[in-house]
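Read in order, the letters of the sequence shown correspond to residues 0 to 714 in numbering that gives the first Met the number 0.
Where a beta carbon is used, it is the ideal one built from N, C-alpha and C, also for glycine.
Note that this is a predicted model, so its numbers are computed, not measured.
Structure, as structure tokens:
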Amino acid sequence: MSNPNRLIKEKSPYLLQHAANPVDWYAWSLEAFEKAKKENKPVFLSIGYSTCHWCHVMERESFEDDHIADILNEHFVCIKVDREERPDIDHIYMSFVTAMTGSGGWPLSVFLTPDKKPFFGGTYFPPEAKWGSPSFEQVLLSVSGNWRSQPEKILQSSEEMMQALLLREEARDNNASSIDEKIFSVAYRQLSAMFDPVFGGFGQSPKFPMGHNLSFLLRFWKKTKQPEILKIVEKTLKEISKGGICDHLGGGFHRYSTDRQWQVPHFEKMLYDQAILAKAYLETYQATKNSDYAIVAREIFDYVLRDMQYSQGGFFCAEDADSVAPEQASLLQQGDRHPEKKEGAYYLWGFNEIEDALGVRDSEIFYYHYNFRLEGNADHDPHGEFIGKNILYVAKTVEATAQHFKKSMEEIEEVLKRSKEKLLFLRTKRPRPHLDDKILTDWNGLMISALSFGAIVLNEPKYQKGAEDAAQFILSRLVREDGTLWHRFRDGEAAIAGHLTDYAFFINGLLDLYETTFKTAYLKEAVKFAETMMCLFWDEKNGGFFLSAADAKDIILRSKEVYDGALPSGNSVAALVFVRLARFFPDSHWEKNAQQVFSAFSDEISHQPAGYAQMLTALDFALGPSCEIVVVAENRSEQTRQILREVYACFIPNKIIILRVLNEKEEQELIELVPFIKEQGLVSGQPTIYVCRNHACQRPVTSPESLKALLDVEI
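Pasting the structure below:
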């Protein structure tokens, strides 16, 4: 790399991707803003992430262009921010751009005064004027010209923008009201109105899986017993597992579908999507006993453990959508470090590749099942990227394929199984997409939660090990000396003070890990971090949590986030954490804290409850019915494990479960932590289960069969 800019010293993969740009980039720093003040220049702030397709496009078109770089370097101080490292910065300026333009996304392009106040912005700007958008050069010259000719007007505008952002936060805080279970019906009506009955999911295109919407709907179905609610969940999960958004060879899901049918995905893979969707599939498996959902969850977990796990524990962020096409792999071997990358190149197949790999007989079956065509099968291809290429999506069922070829379903399944194994092996020989190998505390918290849940629902020890390895990595490498969390680990360095999501997601993961391993240490750590979260982020005046800690010095305001988008909000998961802790510790302050979170955002949630599915999941737990299950046993025998499996065979979302093992060295520590279990002992020397619901306890039972009968009746 010749003449790298100062981003070469950063750890973020996204910032390092721009270290060879001719743009004189700064990371977000005091140095950059002091330079802007000294030279009286506006700041150009570019926010994105390393697996963002349109971020790559704008880099190729503009940031690698010497002419554009000259304009940027002459008229602006240029700052790059990785949104995954600094979600607090991203949230502030995304709120501004969304308010100004009506939409947002990445790359996020914002122009600031030297004191960090925004005055103009957008997302992707093309190199030439098109789609009703000015060219990037036109935008830069216009902004720099206005900065020179009418600076007072720009400064006044930035001040007005800041006041609008502050008023938005204050308006939220001043409109607290109460919400009750009626809001669940409103949210359901809104989601069902958006539901696509033909292809599943919500809306037309682009379509995101939105796993927490499905988890909320499962809870509402549990409450109401209305079969049409479950049909929405099952239709969506079945359709996405058939579609091109699902990686049928390697497991896991791509980020979203560009079309209504889920056939043509945006090919990046995010860790958080895997975690959220795995949990939705597992819960639906519990609710329906349909093993197809368990298979999909296993495929997600196996992908994550194979391709996304750090050798020392913890999970990487994401895999890119773009990669070098297989036919250009030789350029890499010849030392070309920058061959052209294309969307989905790692995942796409030419028609003749399949016959070469599988032979005539098996390839015919494969073509039919996955609708492979010589000209390519991407019917939705607005940019002409997939001509002559095929995306794996299930076009015909196994049964229909068997009938077409006059074979048994078992024969077809065997052909498809060995075909996928061959193609997966061939795919591993291709140039892989870029891996963003940051380890983020919050995203790892989501995966710890999902793997812990999967370990006990699927009776799979390797998933428990994956969850424990990740938790231990965070506890050993991402906890500071003062007991607070770091946000990011990469290349041997832990850095960036933890955000609200780091605490909320990790605490929730620790609680799930406790309810899988029943190791008291995880419950203790969850309580400790919850107390720390309250100290660092809680708004004493209005309730709810700020995204940034009280000592955050480098941002213009502390904002709050409650909307549950691709990721659930920190406030939503914090509310769930409080409700869960309140069930473990009935006489504690956690219940009150949860109610304060619900109250703080009640007005906002009431306006469009379908946008707050994770918060409604927490509220559902708070309103109940919920239950506490205590298992008392002499040891962790097979009989004890069978009892626990019986509990997790049922869909009981609003529960906590505690295992007290008599004479275990942790027993006294657990009793001191959770005193109400002290009087609950064995009955007739057998492992004994106590089920309490709505503060009333049932007669204890002593066998998996009697527990099943009790759960079927009571829960």
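So for T687, helix, strand or coil by DSSP?
strand
Is S143 buried or exposed, if buried means 16 or more other CB atoms sit within 10 Å of its CB?
buried
Rounding to the nearest angstrom, what Cα-Cα distance links G482 and A551 in this structure?
17 Å
One or two residues paired with I628 in a DSSP bridge:
I656, V690
Would you tell me roughly how many angstroms separate the C-alpha atoms of M0 and A19, rounded to the nearest one?
Only weak support exists for where M0 lies, its pLDDT of 46 falling under 50; the coordinates are left without a value.
How far does the beta strand (DSSP E) with R82 in it reach, from first residue to last?
Careful: R82 lies outside any beta strand (DSSP E) and carries neither H nor E.
Sorted by chain position, which residues of the same chain lie with C-beta nearer than 6 Å to E318's C-beta, five sequence neighbours on each side aside?
K268, P432, L434
Which residues in the same chain as S290 place their Cβ atom closer than 8 Å to its Cβ, once the five residues preceding and following it in sequence are excluded?
Y284
For L509 versus A470, is the C-beta distance shorter than 8 Å?
yes
C-alpha gap between Y25 and I555, whole angstroms
18 Å
Can you confirm whether the region 253-273 touches the region 191-209 when touching is taken to mean that 3 or more C-beta pairs between the two stretches lie within less than 8 Å?
yes
Rounded separation between L166 and I91 - CA only:
13 Å
Could you give the distance in angstroms between the alpha-carbon of E409 and the alpha-carbon of E398?
10 Å
What is the residue span of the beta strand (DSSP E) that V109 lies within?
107-111
Given that a residue counts as buried once 16 or more other Cβ atoms are within 10 Å of its Cβ, and exposed if not, what is R218?
buried
Runs of alpha helix (DSSP H) lying entirely within the region 243-307, each at least 4 residues, in chain order:
270-287, 290-306
Which residue spans inside the region 46-107 form an unbroken beta strand (DSSP E) run of at least 3?
76-81
Using the DSSP secondary-structure output, state which residues sit across from N351 in a beta bridge.
Answer is none; N351 lacks a bridge partner.
Take T687 and list the residues in its own chain whose beta-carbon comes closer than 6 Å to its own, dropping the five residues that flank it on each side.
V631, L681, P699, T701
Three-state secondary structure (DSSP) at D27?
As written in the sequence, residue 27 is Trp, which differs from the Asp given in the question. W27: coil per DSSP, three-state reduction.
Short of 7 Å in beta carbon distance, which residues of its chain neighbour K79, apart from the five on each side in sequence? Order them along the chain.
L6, L14, H17, W24, A26, S45
Using only the alpha-carbon positions, how far apart do R582 and Q137 sit?
58 Å
Alpha carbon to alpha carbon, how far is S113 from S157?
Per the sequence shown, residue 113 should be read as Pro rather than Ser. Cα-Cα distance, rounded: 11 Å.
Give me, in chain order, the residues of the same chain whose beta-carbon lies closer than 8 Å to that of G401; leave out the 5 immediate sequence neighbours on both sides.
Per the sequence shown, residue 401 should be read as Ala rather than Gly. The answer, listed in chain order, is S407, M408, E410, I411.
With a 10 Å radius around its C-beta and 16 neighbouring C-beta atoms as the bar for buried, classify M614 as buried or exposed.
buried
Cα-Cα separation, N458 to P703:
16 Å
With DSSP as the reference, identify every bridge partner of F194, one or two as the case may be.
F201
So, with DSSP's three-state summary, where would you put Y345?
coil
Return the bridge partner residues of N443 from the DSSP annotation.
None; N443 has no bridge partner.
Ordered along the chain, which non-local residues of its own chain (more than five positions away) have a Cβ less than 8 Å from that of E492?
K10
For H694, which residues in the same chain have their Cβ closer than 6 Å to its Cβ, ignoring the five residues on either side in sequence?
none
Cβ contact check for the region 416-425 and the region 459-478: 3 or more pairs under 8 Å:
no
Among F32, S683, H265, which residue has its Cα nearest to the Cα of D321?
H265
Sequence-distant residues of the same chain with beta carbon closer than 7 Å to S625, five excluded per side
R582, N653, K654
V323 (DSSP reduced to helix, strand or coil)
strand
Distance check for M57 and N4, CA to CA, integer angstroms please.
18 Å
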